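Scroll down for the structure; my scribbles are underneath it.
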Amino acid sequence: MFKLSFLIVSYCFMSFVCVAGTLSIQVKSPDLKPLSSAIVWYISNDKSKTQPNYNNETIYIMDQQNKQFAPYVLAVPRGGKVTFPNSDSIKHHVYSFSAAKPFELKLYQGASHQPLVFDKPGVVELGCNIHDWMLGYILVADSSVIAKTNSLGQTSLLLPDAAGILYIWHPRFKQKNQPQQYIINQEQPVEIIINQPLLPDLKGFGNTDKFDEYD
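Residues -20 to -1, 1 to 195 in mature numbering (1 follows the signal peptide of the UniProt record, and there is no 0) are what the sequence shown spells out, letter by letter.
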């Protein structure tokens, strides 16, 4: 579960979050470069406005392609169902020790399994017991209003008719379980600059070892 390092209380004085509408967001790194794969979500002060729909039958996919997780970062609402197809011609052994969802799956090419339910908010870090360079993340948000930035660091959220708090998370955060929080004002689009140092980008780091062709 997330441990919030600070709390920002957002008051509603004709601010943008007081009316329903699409909020455009630009996320940048501390050195002002666009930050892709940042997860952004919104929780209303009236949580009924943004609570996840547990009857949602959407199946989210975390594939394995070319000995990498695809996507590298997946955002799901609490209660979301995730499946892990193996598109490679070799075996994978996916696991997580994260408190939000510890599990393991031995995956052969073309094999199927029941979707896993991610019912605790937090960060789930993924690995493979066979290919130790494989790294991926599932961010489980306690909200139905959630999105991921594109290669330009851009995304958008459809906000409900309520006041609340905007949260930002990125896999390069040193404190993985401490998303940043932001007050939203009337300006649009919103530019958010990450205010903590980022770890080196390990996406795609290393892709061969002596077990490369294990099947």
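Beta carbons are placed, not taken as given, at the ideal position from N, Cα and C, and that holds for glycine.
Every value quoted in this text rests on a predicted model; they were computed, and no experiment measured them.
Taking all protein chains shown into account, Gln45 has fewer than 16 neighbouring C-beta atoms within 10 Å of its C-beta and is therefore exposed.
Considered as a whole, the segment 30 to 87 harbours 39 to 41, 43 to 45, 48 to 50, 53 to 57, 60 to 63, 72 to 76 and 83 to 87 as its complete beta strand (DSSP E) runs of no fewer than 3 residues, in chain order. Contact between the segment 28 to 40 and the segment 76 to 91 is absent: fewer than three C-beta pairs spanning the two stretches fall below 8 Å. Ser136 is the residue among Gly144, Phe98 and Ser136 whose C-alpha sits nearest the C-alpha of Ile126. Taking a contact to require three or more Cβ pairs closer than 8 Å, the segment 13 to 20 and the segment 75 to 82 do not qualify as touching. Closest by C-alpha distance to Gly60, out of Ser69, Tyr40 and Ile70, is Tyr40.
Where Ser9 is concerned, there is no enclosing beta strand (DSSP E), because DSSP gives it neither an H nor an E. Distance from the CA atom of Ile5 to the CA atom of Ile163, rounded to whole angstroms, is 13 Å.
Leu96 has its alpha-carbon roughly 14 Å from the corresponding atom of Tyr34. Scanning its chain for C-beta atoms nearer than 6 Å, with the 5 sequence neighbours on each side dropped, one finds around Trp149 the residues Ile19, Leu119 and Pro159, in chain order.
Closest by C-alpha distance to Val53, out of Pro140, Asp112, Pro10 and Gly107, is Gly107.
Here the C-alpha atom of Asn66 lies approximately 21 Å from the C-alpha atom of Glu37.
Phe98: member of the beta strand (DSSP E) spanning Leu96 to Phe98, first to last residue.
With a minimum length of 3 residues, the unbroken runs of beta strand (DSSP E) contained wholly in the segment 98 to 181 fall at 102 to 108, 115 to 121, 125 to 128, 134 to 139, 144 to 149, 160 to 162 and 170 to 173. With contacts defined by Cβ atoms closer than 7 Å, Lys128 and Ala55 form a contacting pair. Pairing Arg152 with Val103, the inter-Cα distance amounts to about 12 Å. Between Thr2 and Leu179, the C-beta gap is not smaller than 7 Å, which leaves the two residues out of contact. Residues Thr30, Ser123, Gly144 and Ile145 of the same chain have their beta carbon placed closer than 6 Å to that of Ile23, with the five preceding and five following residues left out of the count. Looking at the DSSP output, Gly1 bridges to Leu139. A buried status is given to Phe64, since no fewer than 16 other beta-carbon atoms sit within 10 Å of its beta-carbon.
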